[in-house]
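There are 2 protein chains.
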Amino acid sequence: MENAQRGGRRRRRPRQSDIARVAGVSQTTVSLVLRGTTIGMSLAAETRQRVLDAAERLGYVPDPVATRLAAAGNAMLGLYTFSATFPTDVAHSYYPILAGVEEEAAAQGQDLILFTGSSRSGTGAGDPASLRRVRVADGCLFFGRHVPDEPIRQLAEDGFPFVYIGRRNEPDVPYVGADYVSASAAVLAGLAAAGHRRVRYLREHDQAPSSADREEGVLRGARSTGTETAGLVVRTDGTGLNGLLASWLDDGVTAVVVEQTDTGAALAGLGAAIERAGLRCPRDLSLAVLGAPVGARGRAPGGGAVFSGFDVPMREMGRDAVRLLLRLIEGAEGVETRRLLPCEPVDGGTIAPPRPPGRDPRRE
Amino acid sequence: MENAQRGGRRRRRPRQSDIARVAGVSQTTVSLVLRGTTIGMSLAAETRQRVLDAAERLGYVPDPVATRLAAAGNAMLGLYTFSATFPTDVAHSYYPILAGVEEEAAAQGQDLILFTGSSRSGTGAGDPASLRRVRVADGCLFFGRHVPDEPIRQLAEDGFPFVYIGRRNEPDVPYVGADYVSASAAVLAGLAAAGHRRVRYLREHDQAPSSADREEGVLRGARSTGTETAGLVVRTDGTGLNGLLASWLDDGVTAVVVEQTDTGAALAGLGAAIERAGLRCPRDLSLAVLGAPVGARGRAPGGGAVFSGFDVPMREMGRDAVRLLLRLIEGAEGVETRRLLPCEPVDGGTIAPPRPPGRDPRRE
DNA sequence: CTGAAAGCGCTTACAG
DNA sequence: CTGAAAGCGCTTACAG
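Sequences listed follow chains A and L, in order. FYI, the numbering for the first sequence is 1 to 364, going by the UniProt record's numbering. FYI, the numbering for the second sequence is 1 to 364, going by the UniProt record's numbering.
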């Protein structure tokens, strides 16, 4: 191996002109054969081969930056996350999305550029400079609950192809999201079918579309099943749940629905309150989670059962976003650019018929 | 947003020459003031202002692609994994490494290219063509237990900077690994201190350096503590553990040490055998794992306790590999290019004093 | 203090 | 079938 690594003069990467010299042709010709361009189809097979050989021998690899400057594609897709791509503390909640993106990118022969600009600033907001860098890729996937509008607008205006992972409100923005509305409504329907009429829906203060959609679904589901809507929606930052839980029990609430976000604050707070009160699910209280938590945290408190509710098809969202982005890059017409994927219902065992009226689970 | 995404004609973005025209200066001057370059410090304040104003008015935004081309070096680090980067089935075992890499890359202002070449071919072996692609990055991180030598050699010869994550045997190859030898020896010492003399070490057939190191550490630890070495090392592919376990108990074995690999075959097989035999750890049998499994699988069988053994500092390995790679890229002298990071011992509650001789846990 | 020029490594008309 | 030339939008010596 020689110690090429240390101080060893690094040999300059070969470029097309090097190949040209070796093969005895012009740089233009090199570019033509290397791109396998269909325009200058008429290349002598022998010339072609000579160029190919030289390129192989020199270990040529096209420079993606130069390629992009000259306005061509380079088989690289970007992924820009408006929060650390690999969060430490968030229990890897978004890992499956990354997995899906990587999987499909690989299947399509695309490399993936992870743009790290956003994670640097602790804010999680993408700073404009780092956002601009995404242009070295052929197109970019965006992802994160909170996203700055302006820089993205810029990209859109310039015709740079991109796709959001997660539904967006802005018109004309391509995205692949999850159908939280239907899935949430279905959960309420399930609760109603089990006999619950007085339910609480716990959501965080977050304003993201995914939260709004869940709430809409919950309300829609409640209305269509005759579940009480008064006092149904409760906002929390994850604290003060002990008191809330107590008041709910006083009011005869028999089931609680929680949204699962990246912070997991609401669910964590509720879980703690339930444990503290010594309640058992679903005997004392039915529980449903909108959007299944990932990994080890997917256990219901005091039971070991898996939460009832629905799964977010994160992996599939990642995959589909890659497919859509590729379509946009190739300029395909008539592609559906706003997609909602169905969420799989999960019958996890935390929903049961309501406890008999008048029975206070805390006195047992 | 106009429908810029689909075929819409896009307005040309302003460039430096536009500013130059408006401000009545040369494009060079524009570049100078915009970069705030320290070299051409001597810019008339008035000129400077004029340029700044024009830039502001035109809404100028530098083109990152052009900037990079001109500046040489593209602030991209590669990560090439000799297996799917985001495995589905392997319980995300390597996730923390990715997290560390991403974290440090972000801190250093580097973007990350995930090369997907290796995952495409089901083989997990990187095909030479895809491997060559890594040259588009300024340098590359390699990762995976089994790695093809030849293409890497090529890269080294060309002076392309790279770093392995995980120890390598080849001389002169830069790496950041874990000190499995010391950590494994320490585990044996702990077992000996608890009173165990007859121990079995279960490893897979795998030949990777990380496996070899663990075995070496186990043997070293056994020798220095008077633990029996005869029959100590046992190889398995994860099957036939029921029989093996029975024979060990017959032989008076009181503790088992298992290596944890990416497949987890040995540990999974052993765990199943233990459960099947109805043994409880550590009462009936002490257990230690060399290299902690990740996430939900980190629970010991029949107990719920965390495994004793040690943690692999994956996140820190990722971070440190990025740092080292950056040093190599900048051509730093006298850098330690072969690093082993210490593994944190884990006292997880699966090690206890040996059961009394003659007590057969299976008859209780 | 400022500008003309070359160059980063490619692609793409346009001529032969 | 192949090459000379211009251009993508910047940066960086090098001259004035």
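Positions of the beta carbon are idealized from the N, C-alpha and C atoms, including for glycine.
Asked: Sufficient close CB pairs (3 or more, under 8 Å) joining the region 179-191 of chain A to the region 210-220 of chain A; Found: yes
Asked: Sufficient close CB pairs (3 or more, under 8 Å) joining the region 136-149 of chain L to the region 317-337 of chain L; Found: yes
Asked: Simplified DSSP assignment, three categories, for L:Gly271; Found: helix
Asked: Burial state of A:Ser121 (16 or more Cβ within 10 Å); Found: The pLDDT assigned to A:Ser121 is 44, lower than 50, so where the model puts this residue is not dependable; a value taken from the coordinates is nonetheless given after this. Result: exposed.
Asked: For L:Pro174, the first and last residue of its enclosing beta strand (DSSP E); Found: That residue, L:Pro174, is in no beta strand (DSSP E); it is neither H nor E in DSSP.
Asked: Cβ neighbours of A:Val181 in the same chain (closer than 6 Å, five flanking residues each side left out); Found: Asp213, Glu216, Gly217
Asked: Touch test, the region 49-66 of chain A against the region 14-21 of chain A, Cβ-Cβ under 8 Å, three pairs minimum; Found: yes
Asked: Partners in chain A for L:Phe142, counting only beta-carbon separations shorter than 7 Å; Found: Near L:Phe142 there are no residues of chain A at all, since even the closest Cβ is about 13 Å away, more than 7 Å.
Asked: Contact check, A:Ala266 vs A:Val258, beta carbons under 8 Å; Found: yes
Asked: 8 Å Cβ cutoff, L:Arg68 in contact with chain A; Found: yes
Asked: Chain L contact residues for A:Asp250, given Cβ-Cβ distances below 8 Å; Found: Correct list: empty, because the minimum Cβ distance to chain L is about 35 Å.
Asked: Length of the line joining the Cα atoms of L:Phe307 and L:Val346; Found: 8 Å
Asked: Bridge-paired residues (DSSP) for A:Val163; Found: A:Leu141
Asked: Separation of L:Gly221 from residue 368 of chain A, as counted between CA atoms; Found: No answer is possible for residue 368 of chain A: the residues shown for chain A start at 1 and end at 364.
Asked: Spatially closest choice to L:Val234 from L:Thr227, L:Asn242, L:His196, L:His205, by CA coordinates; Found: L:His205
Asked: Runs of beta strand (DSSP E) lying entirely within the UniProt region "Disordered" (343-364) of chain L, each at least 3 residues, in chain order; Found: 344-346
Asked: Residues bridged to L:Leu285 (per DSSP); Found: DSSP output for L:Leu285 lists no bridge partner at all.
Asked: Alpha-carbon spacing of L:Leu155 relative to L:Thr81, whole angstroms; Found: 16 Å
Asked: Beta carbon of L:Gly238 nearer than 8 Å to that of L:Ala268; Found: yes
Asked: Opening and closing residue of the beta strand (DSSP E) in which A:Glu204 lies; Found: 199-204
Asked: Rounded C-alpha distance that separates A:Asp360 from A:Val312; Found: 34 Å
Asked: Residue from A:Leu77, A:Tyr95, A:Thr116 with nearest C-alpha to A:Ala105; Found: A:Leu77
Asked: Close-in-space but distant-in-sequence residues of the same chain around A:Glu102 (CB under 7 Å, 5 per side omitted); Found: Leu112
Asked: CA-to-CA distance, A:Ala23 to L:Asp149, given in whole angstroms; Found: 29 Å
Asked: Nonlocal neighbours in the same chain, by C-beta distance under 7 Å from L:Asn242, ignoring five residues either side; Found: Ala273, Arg276
Asked: Three-state class that DSSP yields for L:Val101 in the structure shown; Found: helix
Asked: Assigned secondary structure, A:Glu215 (DSSP; H/G/I helix, E/B strand, else coil); Found: helix
Asked: Proximity below 8 Å, CB of L:Ala352 to CB of L:Ser286; Found: yes
Asked: Spatial distance of A:Pro171 from A:Val163 (CA atoms); Found: 13 Å
Asked: Closest residue to A:Arg203 among A:Arg197, A:Asp63, A:Ser184, A:His196 (Cα-Cα distance); Found: A:Ser184
Asked: C-alpha distance - A:Gln260 paired with A:Arg315, whole-angstrom precision; Found: 17 Å
Asked: Contact with chain L by A:Pro64, beta-carbon distance below 8 Å; Found: yes
Asked: Within chain L, the residues that A:Gln110 reaches when beta carbons sit closer than 8 Å; Found: Thr116
Asked: Endpoints, the alpha helix (DSSP H) within which L:Tyr60 is located; Found: L:Tyr60 -> no alpha helix (DSSP H), and no H or E assigned at all.
Asked: Minimum Cβ-Cβ distance from A:Asp320 to chain L less than 8 Å; Found: no
Asked: Bounding residues of the beta strand (DSSP E) (the contiguous stretch that carries L:Gly243); Found: Element bounds for L:Gly243: not the beta strand (DSSP E) but the alpha helix (DSSP H), 241-250.
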